[in-house]
Amino acid sequence: MFDLLKFDVIKVNNYSGKLVALESCRNVPFDIKRVYYIWGNNLHDIRGHHAHKKLEQVLVCVSGACDFILDNGKEKARVHLDNPAVGLYIKHNIWREFTNFSHDCVVMVLASEHYDEKDYIRDYNEFLKVCDQ
Ligand code: TYD
Numbered sequence: 024m025f026d027l028l029k030f031d032v033i034k035v036n037n038y039s040g041k042l043v044a045l046e047s048c049r050n051v052p053f054d055i056k057r058v059y060y061i062w063g064n065n066l067h068d069i070r071g072h073h074a075h076k077k078l079e080q081v082l083v084c085v086s087g088a089c090d091f092i093l094d095n096g097k098e099k100a101r102v103h104l105d106n107p108a109v110g111l112y113i114k115h116n117i118w119r120e121f122t123n124f125s126h127d128c129v130v131m132v133l134a135s136e137h138y139d140e141k142d143y144i145r146d147y148n149e150f151l152k153v154c155d156q
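As numbered in our numbering, residues 24 to 156 make up the sequence shown, in order.
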């Protein structure tokens, strides 16, 4: 239903900070066409509530932590992300919700397509029908 990508962390001599580089078709498994990020959510907000027909995404919690609830129409999984060196890879036809946001949570999303509202499935019953096909 999903993969966790563990990115190499580059540690530069004499600096305490770290660096992760993300590259299309190398450590990100598709050609990146769009990057967006979400932040400023309240702890109990629930975002998402949709699936995508074609879009693939890698989600990275670059600051703080949050939970992703994923659903393939048959089973659900809950994934807690709190590490900027880990990416959650979600392919198409997965219903997703995000919640349990820490106050400092910033989620960066790498997407395989430009924004297209027609690629969204926002009705859960319609999603279940697509899963059954
Ligand atoms: P949506 O993907 O539903 O947000 P989330 O799943 O994070 O709750 O998008 C929210 C709104 O933002 C929606 O009106 C579409 C708009 N939007 C864009 O215009 N471009 C984008 O790249 C994205 C992701 C959303």
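Don't be surprised by glycine CBs; every beta carbon is placed ideally from N, CA and C.
Check                                                                                                                                                : Outcome
CB of Tyr-138 to nearest heavy atom of ligand 1: below 7 Å?                                                                                          : yes
Go through its chain and collect everything with a Cβ distance to Ala-88's Cβ below 7 Å, but skip five positions before and after it.                : His-103, Leu-104, Asp-105, Ser-125, Cys-128
Taking Ile-92 and Arg-119 to be in contact with their CB atoms under 8 Å, please state how far apart those CB atoms are, rounded to whole angstroms. : 7 Å
Distance check for Val-32 and Arg-145, CA to CA, integer angstroms please.                                                                           : 36 Å
Taking Tyr-59 as the reference, give the member of Lys-99, Asp-68, Ala-44, Val-130 with the closest Cα.                                              : Val-130
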